[in-house]
Structure formats: C-alpha cells, structure tokens
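Read top to bottom, the protein sequences are chains A and B. So the mapping is simple: this note's numbering equals the position in the first sequence, first residue as 1, plus 31. So the mapping is simple: this note's numbering equals the position in the second sequence, first residue as 1, plus 31. Read through the structure below, which is laid out as structure tokens, and then see the notes.
Protein chains: 2
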Amino acid sequence: MAEQLSGSDAPVVVVDVLGGDNGHDVVLTGIDLALAADPRVEVLACGPAQIVDVFASTRPRVQPLHATQNIEMNEHPASAVRAKKDSTIVVGCKAVKEGRAQGFFSAGSTGACLAGATLFIGRIRGISRPALCHVIPSPAGNVVMSDIGANADCKPEWLVQFAQMATVYAEKIVGKEHPSVALLNIGSEDTKGSQFAQECHQVLKDNLPNFAGNAEGGDLVCAKYDVVVTDGFTGNVALKTLEGTSKELLKAVKGVMMSNLATKLGALAMKRGLNGLKTRMSADTYGGAPLLGVNGVCLIGHGNSNPEAIKSGILATARMIEANLVEEIVKVVK
Amino acid sequence: MAEQLSGSDAPVVVVDVLGGDNGHDVVLTGIDLALAADPRVEVLACGPAQIVDVFASTRPRVQPLHATQNIEMNEHPASAVRAKKDSTIVVGCKAVKEGRAQGFFSAGSTGACLAGATLFIGRIRGISRPALCHVIPSPAGNVVMSDIGANADCKPEWLVQFAQMATVYAEKIVGKEHPSVALLNIGSEDTKGSQFAQECHQVLKDNLPNFAGNAEGGDLVCAKYDVVVTDGFTGNVALKTLEGTSKELLKAVKGVMMSNLATKLGALAMKRGLNGLKTRMSADTYGGAPLLGVNGVCLIGHGNSNPEAIKSGILATARMIEANLVEEIVKVVK
C-alpha cells in the first residue's frame with residue numbers, strides 16, 4: 032500500500048495536481064495545508080514531472096506521480112479518459128487500482144473523474160453503478176443525498192444500492208447512528224410520484240430495513256431524514272437548486288446589511304452568528320462529493336476549490352480510507 | 032357570462048369557500064378583502080347554502096353557488112371528483128364550463144382541483160395536458176416555471192405546449208417582454224441530461240423560436256431565463272427544494288438576529304430591508320399556481336392561505352380573466 036512512502040499503514044492519497052479551475056499552485060498549497068493538518072496522511076502528487084518532482088523533493092510525505100496530460104472541464108468525459116491515457120485522472124486512478132494509494136482526490140472535471148474511476152479503479156463486485164454522494168449543507172443538520180449526478184438515467188433497483196452505500200457513508204463518515212433513508216418524491220404518500228418513483232418506492236420498501244418513506248424537496252434542508260436517495264438527474268437538479276437558493280438569499284441578506292450605516296453596525300453585531308451559519312451552509316465541510324461503489328476511495332472537489340477546499344478534500348479522502356469505507360460497503364451490498 | 036350578477040362585463044370568479052386548511056371564515060374574509068380592493072370583480076361563493084346564502088345576501092357583488100360536499104386534502108383526487116358530484120370543486124368548475132363565471136379559485140386540494148378542472152372545465156382544444164405553473168419567488172427577479180406537478184410523467188412534446196402556455200402567462204400576467212424559455216437540465220451543453228431531457232431539448236429547439244437552451248437548478252433563483260420548463264416531477268422537487276431552502280435559511284438568519292441585545296438592535300435597523308426581501312420572496316404575489324391549458328381560468332392557492340392570500344388569489348384570477356389568458360393561449364397553440 033504505502034510502501035512508496037513511509038512504509039507505514041498511513042493513508043495514501045493521490046492528488047490530481049492539475050484538477051481545478053485555479054491552477055496547480057492552488058492544489059500544491061492545499062497539499063501543504065493537508066500535510067500540516069494531518070501528520071499521518073501521505074500524498075502521491077500526480078502531474079507533470081517539472082511541477083511535482085520539485086514539489087516532492089522537499090517533502091518527505093509526498094511522492095511524485097508523473098502524468099503529462101490534463102482533461103479540461105469541457106471535454107467529453109468518457110472519450111477524454113479513453114484518449115488521454117497519460118492524464119492525471121487516468122494515471123491517478125490507476126495508482127489506486129495498483130494499490131500504490133488507497134484514495135484519489137481531484138477538483139477536476141466531475142464527469143471525467145466518474146468515468147476514470149469507474150474504468151480504471153473499477154466497480155466493487157456486485158455494484159451495478161457507482162453513485163455520487165453529497166452531504167447537503169443546511170442550518171438544521173446534515174443530509175446525505177445520492178445520486179447527485181453520476182447516473183442521469185437509473186433503474187429502480189440501483190437506488191437500493193445507492194441507499195445502502197450512502198447509509199455506510201452517513202454512518203462511518205458523517206457520524207449518523209442508524210441512518211434513516213427516504214426517497215426523493217413529490218408527495219409523502221406511497222402512491223405519489225412518477226411511475227419510476229413509485230417503482231423505486233416499492234423496491235426500497237422491500238429491500239431496506241431503514242427505509243422511512245418519501246421525502247419532498249423541502250425536507251432536504253430540514254434534516255428530517257439522514258439519507259435521501261434519488262436518480263442522478265433529480266438529485267443534481269435538487270442540489271443545484273438548493274445551493275443556488277442559499278447563495279442568492281445570503282447575498283440578498285448581505286445587501287440589506289450593507290445598505291446604510293445603521294444596518295452596517297447591526298451586521299457587525301451579527302458577524303459571529305452569521306459566520307457560524309455560513310460555515311454550516313458551506314459545502315466544503317466534507318471536502319467534496321464521494322463516488323461510492325468503486326473499488327477505492329474517490330472524492331471529487333469543486334472546480335473552483337481554493338487551497339482550504341483542497342486541504343479539506345485530501346483530509347476527507349484520508350478519513351474515508353481510515354474508516355475502511357470500501358470494505359464497509361462490500362460488507363453491506365454483498 | 033356575468034348575467035347572474037351585475038350584467039356587466041366584470042370578471043366573475045367562482046371561489047371555493049371550503050377550500051383551504053383554515054376554514055370557510057378565512058375564505059369569506061378573503062372575498063371581502065378582494066371585493067374592497069377591486070371594485071369590478073364579482074364572486075360566485077361556492078359552498079353549503081347555510082354559509083354562502085347569508086354571506087351573499089348583504090353583498091351585491093356576490094352570488095351564492097350551492098355545493099354540499101367538500102374534498103379533503105388526503106382524498107384520492109381523481110376518485111374524489113368522480114364520487115363527489117356536489118363538492119365545491121366539481122360544482123365550481125362546472126359553473127365555469129357553463130359560462131356562469133370565467134375563472135375558478137380554490138385553496139383546496141391541488142390534485143382535486145387539477146382533476147376537477149380537467150374533467151369539468153375541460154381542456155383547450157389541441158392541448159395534450161394542462162400544466163401547473165408557478166412564479167418563482169427570488170431576490171433577483173421572477174421566473175415562471177411549468178410544470179410544477181400536474182404531470183409527473185411527461186412526453187417530450189408536451190413540454191413544447193407547457194413552454195408556450197407559460198410564455199403567454201409570463202407575457203400577459205408577469206409582464207415579461209419577449210420571454211426566453213429554458214429547459215431544466217443538469218448541464219448547460221445540449222447533450223447533457225437524461226434520455227428524456229435530451230429528447231425534450233431537441234423538440235424544444237425544433238419548435239420554439241424563444242428557446243434559449245438548458246437551465247440548471249441554480250439558475251431558477253437567478254432569473255437568468257424568464258420561463259423554465261420541465262416535467263411535473265422535476266419541477267415539483269425543484270420548487271419545494273427552493274421554497275424549503277429559503278424558508279429554513281431566513282429562519283436561521285432570524286435566529287442569529289434574535290441571539291442577543293446587540294443583534295436585536297441591529298435587526299431593528301434592517302427591518303425595512305428584510306421585509307422588502309421577504310415580500311420579494313413571498314409566494315403570494317401571484318396568488319397561487321395557475322393551471323394552464325384548461326378552457327377557463329383556474330388558479331390554485333396554498334392550502335394554508337390566510338385572508339390576504341385568498342384576496343391575492345381572487346384578484347389574480349380576475350386579472351387572468353381580464354387579460355383573456357385562455358384566448359391568448361388558444362391563439363398560440365393552435
């Protein structure tokens with residue numbers, strides 16, 4: 032596993048140095064922050080030799096992993112990972128497959144990471160489709176939603192596995208005890224929803240002891256359920272709606288606060304409380320979206336990650352490795 | 032049309048006196064507020080004789096319309112409107128069909144109103160499916176979304192009509208000039224989304240001169256497009272997510288403001304600005320969700336409407352009548 036580095040059982044994370052919109056310097060700074068924050072984590076810095084060799088040379092817990100190509104955000108994911116065999120995403124995923132690392136973190140193209148991880152790390156045996164998961168930021172508490180976009184078209188039975196995997200994540204990483212699972216639907220009654228949603232409801236009810244029924248869009252931010260499961264199309268629309276609404280609303284509240292001297296003074300008094308709220312609403316607490324169902328830990332960060340977000344992503348990947356997330360999923364779905 | 036009442040060309044609205052969670056007194060108070068606010072509007076008060084006769088007797092612009100039954104929120108909509116022929120929803124919709132009124136307003140069961148209006152007012156000739164529309168409250172501006180729940184399962188070509196009808200509503204009622212239409216999807220590129228979304232994209236592109244491409248969940252609250260079209264399942268999830276997020280977030284901001292004396296004083300300074308924001312975010316500005324595609328005006332209010340919301344609903348119904356909304360839709364879709 033970590034024989035490349037210290038030879039210990041430390042978690043080894045491949046970091047995609049070219050991933051993200053803000054350039055490799057931001058990623059390298061994020062790696063430094065992660066190394067400083069967690070004395071155990073070790074990093075395979077995956078990128079062009081001229082960048083990663085110098086960087087690794089002065090850092091005992093970093094090894095270089097050479098990859099010359101970058102997959103851009105606008106490339107077609109499946110074609111790009113097939114065509115660019117020497118891209119950071121492909122080389123990084125292969126390193127996980129080969130056991131040189133146990134986890135992969137990238138702030139690059141979500142689609143390319145999905146395609147790369149599925150093709151080159153591979154699925155856990157018995158998993159129909161890996162699913163992308165997300166911890167929904169909310170003032171009321173955390174909700175784990177899956178799928179948030181890996182599978183735009185789903186079969187109802189896939190959602191059973193999405194729910195099982197998200198339940199493991201909710202338990203081992205988010206710290207939920209006996210997580211409840213709900214299906215994202217458009218009414219609380221069993222018979223509500225599209226044909227697809229009704230079929231999902233039935234198959235979830237038949238297969239999951241922790242299935243609690245239907246959730247509605249408004250429940251996502253109320254933390255009424257621990258896990259909310261849905262197809263990747265609906266999940267992606269709901270997540271982006273939620274994030275967009277909270278961003279616009281906080282911006283509008285800020286606008287009110289900055290409108291005159293009296294409101295500015297008022298805002299000063301609220302600074303601490305509002306910062307707390309902002310932190311609770313921040314998407315970065317869990318470092319990104321874990322792709323569950325592949326045979327290795329894989330976490331995808333926001334494209335516009337700053338060094339702090341890169342740090343969070345690396346540390347979150349290490350936490351998933353240390354929690355044996357893959358083995359825990361294997362236990363549940365077999 | 033209005034020969035029951037003044038014999039003028041005043042807009043006549045049937046109001047479901049038993050509709051809503053708060054009892055008929057709230058609805059009657061709402062009617063009084065509407066009559067006071069708009070000197071033209073006339074009302075057919077639809078409910079049990081012992082309630083509506085006394086009410087109408089002292090109000091020259093109100094006529095009673097007798098209906099003995101009520102459809103509860105938890106009843107199966109299609110079965111209920113078939114079984115309860117003397118319910119306020121069925122009797123009210125029939126009065127529109129018969130030309131005794133031009134519009135129907137209810138804060139009762141959305142499903143029963145949809146079923147009642149479709150069965151007893153009937154569709155506009157050429158319309159495949161009526162769709163429920165909603166003006167999304169946002170700090171940035173208004174977006175008309177359709178369908179928000181009338182059709183959980185859709186065919187791609189239905190969305191063309193949803194878009195055409197919502198465009199008429201956006202133009203005539205919301206006051207948009209040359210409204211743009213976008214498809215709710217999970218990526219901006221043409222090839223993104225589920226199989227269904229891709230087919231919708233193609234058929235919208237082929238048929239709508241004002242089609243502007245894909246919108247994402249985050250665009251709903253940014254007013255980037257004037258009309259966003261989607262199937263009723265996705266639309267309902269997105270709308271409830273948006274409403275739930277804004278409610279929880281404003282509650283959390285309020286919590287911060289009430290945390291100590293200094294923050295309370297600060298909140299006082301912001302009161303005016305925050306009230307303005309709250310009004311802009313309020314769902315009541317357009318009185319409820321219009322059902323477009325039936326052969327008469329039909330507006331469905333929130334179940335928990337207070338008298339102000341009932342008033343808004345009645346006035347909005349009257350505005351749609353005066354704008355000849357049904358005729359305008361007929362022109363566009365034929």
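Beta carbons: idealized from backbone N, C-alpha and C, even for Gly. Note that the coordinates shown come from a computational prediction; the quantities given were computed from them, not determined experimentally.
Within the continuous alpha helix (DSSP H) that includes residue i, where are the two ends?
i              : result
Q226 (chain B) : 226-238
A246 (chain A) : Per DSSP, A246 (chain A) belongs to no alpha helix (DSSP H); it is in the beta strand (DSSP E), 242-246.
G266 (chain B) : 263-288
M301 (chain B) : 292-312
V127 (chain A) : 119-128
S343 (chain A) : 338-353
P95 (chain A)  : Note, P95 (chain A): premise wrong, no alpha helix (DSSP H); beta strand (DSSP E) at 93-97.
L356 (chain A) : 356-364
A111 (chain B) : 108-114
V85 (chain A)  : 80-88
T141 (chain B) : 141-147
Along chain B, which residues have their Cβ under 8 Å away from the Cβ of residue i?
i              : result
C253 (chain A) : G275, E279
L190 (chain A) : The contacting residues do not exist; L190 (chain A) stays about 15 Å from chain B at best.
A296 (chain A) : For the record, residue 296 (chain A) in the displayed sequence is Leu; it is not Ala. Simply G297, A300.
S211 (chain A) : In chain order: nothing, as chain B lies at least about 18 Å away.
Expressed to the nearest angstrom, what Euclidean distance is found between the alpha-carbon atoms of residue i and residue j?
i              : j              : result
S343 (chain B) : V328 (chain B) : 15 Å
G332 (chain B) : G319 (chain B) : 4 Å
M176 (chain B) : N335 (chain B) : 21 Å
V57 (chain B)  : P95 (chain B)  : 17 Å
T119 (chain B) : R90 (chain B)  : 20 Å
G275 (chain A) : P170 (chain B) : 12 Å
A254 (chain A) : C253 (chain B) : 25 Å
G286 (chain B) : G307 (chain B) : 18 Å
L251 (chain A) : V127 (chain A) : 33 Å
A33 (chain A)  : R71 (chain A)  : Note that A33 (chain A) has pLDDT 39, beneath the 50 cutoff, so the model's placement of it is unreliable and the number below is only indicative. Answer to the nearest angstrom: the Cα atoms are 11 Å apart.
V48 (chain A)  : V260 (chain B) : 39 Å
A269 (chain A) : L346 (chain A) : 27 Å
G130 (chain B) : L281 (chain A) : 48 Å
I152 (chain B) : K309 (chain B) : 35 Å
T272 (chain A) : T316 (chain A) : 19 Å
K115 (chain B) : G123 (chain B) : 12 Å
A146 (chain B) : Q226 (chain B) : 29 Å
L190 (chain A) : A181 (chain A) : 12 Å
E339 (chain B) : K278 (chain B) : 19 Å
For residue i, which beta-bridge partners are listed by DSSP?
i              : result
G134 (chain A) : A:V44, A:V328
R71 (chain B)  : None, per the DSSP bridge assignment.
V175 (chain B) : B:V166, B:V258
S77 (chain B)  : Just to set this straight, residue 77 (chain B) is Cys in the shown sequence, not Ser. Answer is B:D47, B:L96, bridged to C77 (chain B).
R154 (chain A) : A:V325
Show which residues of chain B have a CB atom less than 7 Å away from the CB atom of residue i.
i              : result
D184 (chain A) : S225, Q226
S169 (chain A) : E279
E247 (chain A) : K271
Can you name, in chain order, every residue of its own chain whose Cβ lies under 8 Å from the Cβ of residue i, other than the five neighbours on each side?
i              : result
Q192 (chain B) : I158, S159, R160, A162, G324, V364
E220 (chain A) : N245
T294 (chain B) : V287, M288
V212 (chain B) : A194, A197, T198, L235, L239, N241, F242, A243, Y256, D257, V258, V259, V260
Check the Cβ of residue i against every Cβ in chain A and list those closer than 9 Å, keeping chain order.
i              : result
F193 (chain B) : Those do not exist, as F193 (chain B) stays about 16 Å from chain A at its closest Cβ, beyond 9 Å.
L322 (chain B) : In chain order: nothing, as chain A lies at least about 16 Å away.
So with CB distances below 8 Å, who are the chain A contacts of residue i?
i              : result
I217 (chain B) : G180, A183, G263, F264, N267, V268, K271
Residue i versus chain A: which residues are under 7 Å apart at the beta carbon?
i              : result
R197 (chain B) : The question names Arg, yet the displayed sequence has Ala at residue 197 (chain B). In chain order: nothing, as chain A lies at least about 18 Å away.
A293 (chain B) : A300
Near residue i, which residues of its chain fall below 6 Å by C-beta distance, leaving aside the five closest residues on each side in sequence?
i              : result
G172 (chain A) : A254
N355 (chain A) : none
Q35 (chain B)  : Low per-residue confidence applies at Q35 (chain B): pLDDT is 48, beneath 50, and the placement is therefore not dependable, though the value from the model is reported in the following sentence. Same-chain partners within the cutoff: Q94, R131.
C185 (chain B) : D262
Should residue i be counted as a contact of the ligand GDP given a C-beta to heavy atom distance under 8 Å?
i              : result
N101 (chain B) : Ligands displayed in this structure: none; no statement on the ligand GDP is therefore possible.
Name the chain B residues that come within less than 9 Å of residue i, Cβ to Cβ?
i              : result
L308 (chain A) : L280, A283, V284, G286, V287
From what residue to what residue does the beta strand (DSSP E) around residue i run?
i              : result
M196 (chain A) : No beta strand (DSSP E) holds M196 (chain A); the alpha helix (DSSP H) holding it covers 189-203.
L49 (chain B)  : Element bounds for L49 (chain B): n/a, residue is neither H nor E.
A320 (chain A) : 320-323
L214 (chain B) : 212-215
Within the same chain, show all residues whose beta-carbon is closer than 7 Å to that of residue i, passing over the 5 residues directly before and after it, in chain order.
i              : result
T265 (chain A) : L215
V361 (chain A) : I155
K207 (chain B) : A201, D257
E359 (chain A) : V199, K203
Could you name the residues of chain D that residue i contacts, counting a contact when the two beta carbons are closer than 7 Å?
i              : result
S290 (chain A) : Included in the structure are the protein chains A and B, with no chain D among them.
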